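Engineer:
Residue numbers (UniProt numbering): 1 to 335.
#1: How would you write the range of the alpha helix (DSSP H) that residue 174 sits in, first residue to last?
#2: Taking the straight line between their C-alpha atoms, what separation do you get for residue 24 and residue 151?
#3: Residues bridged to residue 214 by DSSP?
#4: Of all the options 245, 238, 237 and 239, which has the alpha carbon lying nearest to the alpha carbon of residue 228?
#5: Three or more beta-carbon pairs under 8 angstroms between the region 283-294 and the region 200-220, yes or no?
#6: Could you give the first and the last residue of the continuous beta strand (DSSP E) run that contains residue 88?
#7: Considering only C-alpha positions, which residue in the set 163, 161 and 185 is nearest to residue 137?
#8: What is the DSSP secondary structure of residue 7, counted as helix, strand or coil?
#9: In chain order, what residues of the same chain lie with their CB nearer than 8 angstroms to the CB of residue 231, ignoring the 5 residues before and after it?
#10: Starting from the C-beta of residue 20, find all residues in its chain whose C-beta is less than 6 angstroms away, skip the five residues before and the five after it, and write them out in chain order.
#11: Below 7 angstroms CB to CB, which residues in the same chain sit around residue 167 once its five sequence neighbours on both sides are set aside?
#12: Closest by CA to residue 42, which one among 192, 175 and 180?
#13: How many Å lie between residue 281 and residue 119 at the Cα?
#14: Per DSSP, what kind of secondary structure is residue 277 in: helix, strand or coil?
#15: Just to confirm, is the Cβ distance from residue 29 to residue 298 under 8 angstroms?
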């Protein structure tokens, strides 16, 4: 594939300006990773920086990079990334630009950091939707919350020297959900009810052996989880009370103490589900497919009886280079 052929497979805008034609003859590789949860999505663009096309200027810090991938006349928007790191070196002279989806500093459009520590309290009864909306608004982001979580009322929360993204991640973990920033939006969704950056339901990606290049299934056969114990403080009785999800050994205890019985039971049940998923995984390499996104459902057929069925994509890695456009997927059971 010649360098100019890249143009039909991608589009890149920086601060609203389409620079695809400028990048195309210089492009060595473009890789984009979409990961679950607070693992930040990222894009990495490597360009030739030889005198043939003139030296590249140093990119502006915190610039907003928008990326599309796909095929001729079928490009799909992949997300908004914030310029975070630049590496220049050689020979051969190259420049690698990395952008991340989370907001670690003020961007060119004024979005502020989700990683700054804060000290405040959230009153009992605050819904997940209200909390996500308030945090998103504080950072210049839009918000999207899946329907099953939106009206869930939270117990009193103390956010003490804790970043907003860490707060969101622990609330998500307690509810077997996912919290992540992406495309100028803050998303909180239950596993299996995931939303795209626009707030729409994720597409279902179907695969068979004929559609892929390589696959691998693995399962750790050791006992993963018998039961999970969460503790809350019963103020009436003046003592800690245990809540248990599941039964038998091995037994895992959650380190945090929860404010009430409902919160403890919810956290124990969510952790038990997470442990049940641990150990089983599916990896797939296939021709490039921009519909492959973290938290999308993966429908698998024609492999093995114990592999076929529905999975949840935890990471999708898209690569465009001299070998063409391809996608690598990692997935876990949808339970």
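The beta carbon of each residue, even a glycine, is placed where N, CA and C say it ideally should be. What you are looking at is a predicted structure, and each value in this text was computed from that prediction instead of being measured.
Structural biologist: The structure says:
#1: Boundaries of the alpha helix (DSSP H) harbouring residue 174: 164-174, taken from the DSSP string.
#2: 47 angstroms
#3: 285
#4: 245
#5: yes
#6: 74-89
#7: The shortest C-alpha separation from residue 137 is found at 185.
#8: helix
#9: 240, 241, 242, 243, 253, 254, 257, 258 and 264
#10: 11 and 12
#11: 159
#12: Selected option, being the one with the closest Cα: 180.
#13: 38 angstroms
#14: helix
#15: At least 8 angstroms separates the beta-carbon of residue 29 from that of residue 298.
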